[in-house]
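Undergrad:
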Amino acid sequence: MLDLFREIGQTMRSNRLRTILTGISVSWGVFMLILLLGMAKGLVNAFEANQTSESMGKINVWNGITSRPWRGYSDGRYIRQRNSDLQPVVENSHGLIASGSAFATNDTAKIHGPADFVSGGFMAVYPAAIEYEGIDMQSGHFINDLDMELRRRSIVISARTARLLFGSEDNALGKKVSAMGLAWTVTGIFSHNWRNTSYVPYSTYASITGGDDFVYQLQLELADNVATEEQADAAEQSLRRTMAARHNFDPDDSNALWMWNSFKSYLTNKEVNNYLVLAVWVLGLLTLLTGIVGVSNIMFVSVRERTHEIGIRRAIGARPRSILVQVLCESVAITALFGYIGVFSGMIILQLADANIGDKNVINNPTVDISLAMQVTVALIVAGALAGLFPALKAIKVKPVEALRDE
2 MLDLFREIGQ TMRSNRLRTI LTGISVSWGV FMLILLLGMA KGLVNAFEAN QTSESMGKIN
62 VWNGITSRPW RGYSDGRYIR QRNSDLQPVV ENSHGLIASG SAFATNDTAK IHGPADFVSG
122 GFMAVYPAAI EYEGIDMQSG HFINDLDMEL RRRSIVISAR TARLLFGSED NALGKKVSAM
182 GLAWTVTGIF SHNWRNTSYV PYSTYASITG GDDFVYQLQL ELADNVATEE QADAAEQSLR
242 RTMAARHNFD PDDSNALWMW NSFKSYLTNK EVNNYLVLAV WVLGLLTLLT GIVGVSNIMF
302 VSVRERTHEI GIRRAIGARP RSILVQVLCE SVAITALFGY IGVFSGMIIL QLADANIGDK
362 NVINNPTVDI SLAMQVTVAL IVAGALAGLF PALKAIKVKP VEALRDE
């Protein structure tokens, strides 16, 4: 084994310039492969993080307008959902929908504080909205079960609203604001990249407005056993049938209620991401192929230059297998040595990218982990073996008599 390593080193030293030039092409190919894979991983990480924060297993339902007549009812009717629709929808879903919550809104209300006021109203929600809306509480608490049960006039505002109404976020918690002619206590302050909505308990808002039960949106949480697109479709169809029976519209009328199934979108985007990673691998391997062709060429030249040596070894009893192993090992050694230079260079660039853009919404942690490094290692070994295979097969076909006559 030690002699084999010595022969490999001697071959590389005797063809130093050619080996270096070939190695540079291998390093560049591996560098681009690592870079592409790292950036693709960053995109996938960002997608998964955004999906988690926005709750991927939900169905949003908005009020709609019927587009066809149904059992004596004309088309063009405005369908208004009710909070009381939640329980029948969950019960009739055959275990596909675990829970749900309602959203009501008052877009015209102004929220007044000591220093200023904000327009745009507020949303009346259930406690589960913190998960649906992807809210990160900065201080205090979000709308909770006790707020709902006691119908408290609690309000949760954004950090931006707190600064506008009270001058700073520290002064807002526990203070009073005015909305709809009533005093509300600020029980929580949240931070979000773009949301600036204020939230109040749904039960409190329903009591203030006379308990008409109308809502503008329902959000249904899919059960944990929903894992396929077919199950997500079945949950959506069950939901539409139940709502159609309660509000008298055609179950096949997609305009009567507007729905967005985030789980189906998640599966679609995940499939797109898989294709993205596959495309990156293909592009990276094609780039690496240019270096592999160079390695194969240098091994062909090496075999040609060492024809006389191979003939002598065959004449004194060397087996074809030993010559095959030597040529393959030389090819793998060149590919692996310069390939790891490319891996190291790519990892440095990805670390720099992670330090500068690794926490952005578009790219998240674009680095190479141990599993990806192992995959690239396997790719290098396979590529090196393939690069040396044909030169090795040519080497073992050299007949000793012809090789000894070769000059």
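Heads up: the sequence shown begins at 2 in the working numbering, then just goes up one per residue.
Even glycine gets a Cβ: it sits at the ideal position worked out from N, Cα and C.
Verify whether the separation of the beta carbon atoms of L223 and G58 is less than 8 Å.
TA: What you label residue 223 is simply residue 222 of the sequence shown in a count that begins at 1. What you label residue 58 is simply residue 57 of the sequence shown in a count that begins at 1. The answer is yes: Cβ separation under 8 Å.
Undergrad: Mapping the DSSP letters down to three states, classify S54 as helix, strand or coil.
TA: Taking the first residue of the sequence shown as 1, we reach residue 54 at position 53. Confidence is the limiting factor: at S54 the pLDDT is only 46, short of 50, which leaves the residue's position unreliable, though a coordinate-based value still follows. Note: S54 maps to helix in three-state DSSP.
Undergrad: Distance check for Y267 and Y276, CA to CA, integer angstroms please.
TA: Here residue 276 corresponds to residue number 275 of the sequence shown, with the count starting at 1. Here residue 267 corresponds to residue number 266 of the sequence shown, with the count starting at 1. Taking the straight line joining both Cα atoms gives about 14 Å.
Undergrad: If you reduce the DSSP assignment to three classes, tell me which class M138 lands in.
TA: In the sequence shown, counting from the first residue as 1, residue 138 sits at position 137. Note: M138 maps to strand in three-state DSSP.
Undergrad: Please report the residue range of the beta strand (DSSP E) in which N262 lies.
TA: Position 261 of the sequence shown, counted from the first residue, corresponds to residue 262. Residues L258 to N262.
Undergrad: For L219, which beta-bridge partners are listed by DSSP?
TA: Translated into the one-based positions of the sequence shown, residue 219 becomes position 218. Partner(s): V62 and A103.
Undergrad: Skipping 5 residues on each side, what residues in its chain have a beta carbon closer than 7 Å to that of I131?
TA: Here residue 131 is taken as the residue at index 130 of the sequence shown, counted from 1. The answer, listed in chain order, is F143.
Undergrad: Taking the alpha-carbon positions, what's the V119 to Y203 distance?
TA: Sequence index remark: in the sequence shown, residue 119 carries index 118 (1-based). Sequence index remark: in the sequence shown, residue 203 carries index 202 (1-based). Their Cα atoms are separated by approximately 20 Å.
Undergrad: Determine the extent of the alpha helix (DSSP H) in which F191 is found, giving its start and end residues.
TA: The residue you call residue 191 lines up with position 190 of the sequence shown. Run containing F191: none in the alpha helix (DSSP H); it sits in the beta strand (DSSP E), L183 to S192.
Undergrad: Indicate whether I66 and R78 have their beta-carbon atoms separated by less than 8 Å.
TA: Position 65 of the sequence shown holds residue 66. Position 77 of the sequence shown holds residue 78. In contact: I66 and R78 (Cβ atoms closer than 8 Å).
Undergrad: Using CA coordinates, which residue listed in S26, A235, V216 and A163 is at the minimum distance from V178?
TA: As a position in the sequence shown, residue 178 is number 177, starting the count at 1. For the residues S26, A235, V216 and A163, the minimum Cα distance to V178 belongs to A163.
Undergrad: What does DSSP give as the partner residue(s) for H113 in the beta ladder?
TA: Mapped onto the sequence shown, residue 113 falls at position 112. Paired residue(s): F118 and S179.
Undergrad: Quick check on W185: buried or exposed, where buried means 16 or more other Cβ atoms within 10 Å of its Cβ?
TA: Translated into the one-based positions of the sequence shown, residue 185 becomes position 184. So W185 ends up on the buried side.
Undergrad: Assess contact between the stretch 111-128 and the stretch 165-172, defined as three or more Cβ pairs (one per stretch) separated by less than 8 Å. Is contact present?
TA: Flag = yes, the stretch 111-128 and the stretch 165-172 touch.
Undergrad: Would you mind sorting K398 into buried or exposed? The rule is 16 or more other CB atoms within 10 Å of its CB.
TA: The residue labelled residue 398 in the question sits at position 397 within the sequence shown. Counting Cβ neighbours within 10 Å, K398 comes out exposed, since fewer than 16 surround it.
Undergrad: Indicate whether A110 and A180 have their beta-carbon atoms separated by less than 8 Å.
TA: The residue given as residue 110 occupies position 109 in the sequence shown. The residue given as residue 180 occupies position 179 in the sequence shown. The answer is yes: Cβ separation under 8 Å.
Undergrad: Spatial neighbours of G340 within its chain, please: CB distance less than 6 Å, with the 5 preceding and 5 following residues excluded, ordered by chain position.
TA: Within the sequence shown, residue 340 is the residue found at index 339, counting from 1. So the list reads V27, V31 and L381, once near-sequence residues are dropped.
Undergrad: Roughly how many angstroms lie between the CA atoms of V126 and W29, to the nearest whole one?
TA: Your numbering for residue 126 matches position 125 in the sequence shown. Your numbering for residue 29 matches position 28 in the sequence shown. Roughly 55 Å between the two C-alpha positions.
Undergrad: Can you grab the Cα-Cα spacing for the pair I35 / E331, in whole Å?
TA: Walking along the sequence shown from the start, residue 35 turns up at place 34. Walking along the sequence shown from the start, residue 331 turns up at place 330. Cα-Cα distance, rounded: 24 Å.
Undergrad: Between the Cα of G121 and those of V328, T198, W282 and I317, spot the shortest distance and give me the residue it belongs to.
TA: Here residue 121 is taken as the residue at index 120 of the sequence shown, counted from 1. Considering only alpha carbons, the answer is T198.
Undergrad: Just tell me which of L353, G389, F250 and N61 has its CA closest to the CA of V333.
TA: What you label residue 333 is simply residue 332 of the sequence shown in a count that begins at 1. For V333, the nearest C-alpha among the options comes from G389.
Undergrad: Evaluate contact between the stretch 133-148 and the stretch 233-241, counting only Cβ atoms and requiring at least three cross-stretch pairs below 8 Å.
TA: They do not touch, by the three-pair rule.
Undergrad: Secondary structure at P252, three-state DSSP: helix, strand or coil?
TA: Counted from its first residue, the sequence shown places residue 252 at position 251. Three-state DSSP puts P252 in coil, outside helix and strand.
Undergrad: Contact defined as beta carbons within less than 8 Å: I believe V45 pairs with V278. What is the distance between those atoms, to the nearest angstrom?
TA: Residue numbering aside, residue 45 sits at position 44 when the sequence shown is read from its first letter. Residue numbering aside, residue 278 sits at position 277 when the sequence shown is read from its first letter. Yes, V45 and V278 are in contact; Cβ-Cβ is about 7 Å, under 8 Å.
Undergrad: Go to P89, then tell me how far its alpha helix (DSSP H) extends in each direction, as first and last residue.
TA: Working through the sequence shown from its first residue, we reach residue 89 at position 88. Here the alpha helix (DSSP H) through P89 covers L87 to E92.
Undergrad: State yes or no: is the C-beta of V201 within less than 8 Å of the C-beta of I158?
TA: Here residue 201 corresponds to residue number 200 of the sequence shown, with the count starting at 1. Here residue 158 corresponds to residue number 157 of the sequence shown, with the count starting at 1. No, Cβ-Cβ distance for V201 and I158 is not below 8 Å.
Undergrad: Which residue marks the beginning of the alpha helix (DSSP H) containing V369, and which one marks its end?
TA: Counting from one through the sequence shown, the residue named residue 369 turns up at place 368. First-last for V369: undefined, no H or E at that position.
Undergrad: Only counting the same chain, and skipping five residues up and downstream in sequence, which positions put a Cβ closer than 7 Å to that of R161?
TA: Here residue 161 is taken as the residue at index 160 of the sequence shown, counted from 1. Only N197 meet the Cβ criterion.
Undergrad: Alpha carbon to alpha carbon, how far is V281 from L37? Give it in angstroms, no decimals.
TA: As a working note, residue 37 is residue 36 in the sequence shown. As a working note, residue 281 is residue 280 in the sequence shown. If you take the alpha carbons of L37 and V281, they lie about 6 Å apart.
Undergrad: With H, G and I counted as helix, E and B as strand and the rest as coil, what does DSSP make of R164?
TA: For the purposes of this step, residue 164 is taken as the residue at position 163 of the sequence shown. It is helical.
Undergrad: DSSP beta-bridge partners for R83?
TA: Numbered from 1 along the sequence shown, position 82 holds the residue referred to as residue 83. Answer by DSSP bridge pairing, in chain order: F215.
Undergrad: Using the C-alpha atoms, what's the distance from K176 back to A257?
TA: Position 256 of the sequence shown, counted from the first residue, corresponds to residue 257. Position 175 of the sequence shown, counted from the first residue, corresponds to residue 176. Approximately 42 Å, taken between the alpha carbons.
Undergrad: For A41, is the classification buried or exposed, using 16 other Cβ atoms within 10 angstroms of its Cβ as the cut-off for buried?
TA: Working through the sequence shown from its first residue, we reach residue 41 at position 40. The residue is buried, with at least 16 neighbouring Cβ atoms inside 10 Å.
Undergrad: Between which two residues does the beta strand (DSSP E) holding I158 run?
TA: Along the sequence shown, one-based indexing puts residue 158 at 157. From DSSP, the beta strand (DSSP E) with I158 extends over S155 to S159.
Undergrad: Closest by CA to E230, which one among S155, G285, N270 and T210?
TA: By one-based count along the sequence shown, residue 230 stands at place 229. For E230, the nearest C-alpha among the options comes from N270.
Undergrad: Who are the near neighbours of S54 in its chain, counting only those whose CB is closer than 7 Å to its CB and skipping five residues on each side?
TA: The residue given as residue 54 occupies position 53 in the sequence shown. Bear in mind that the predicted position of S54 carries a pLDDT of just 46, short of 50, making it unreliable; the figure below should be weighed with that in mind. Same-chain partners within the cutoff: G135.
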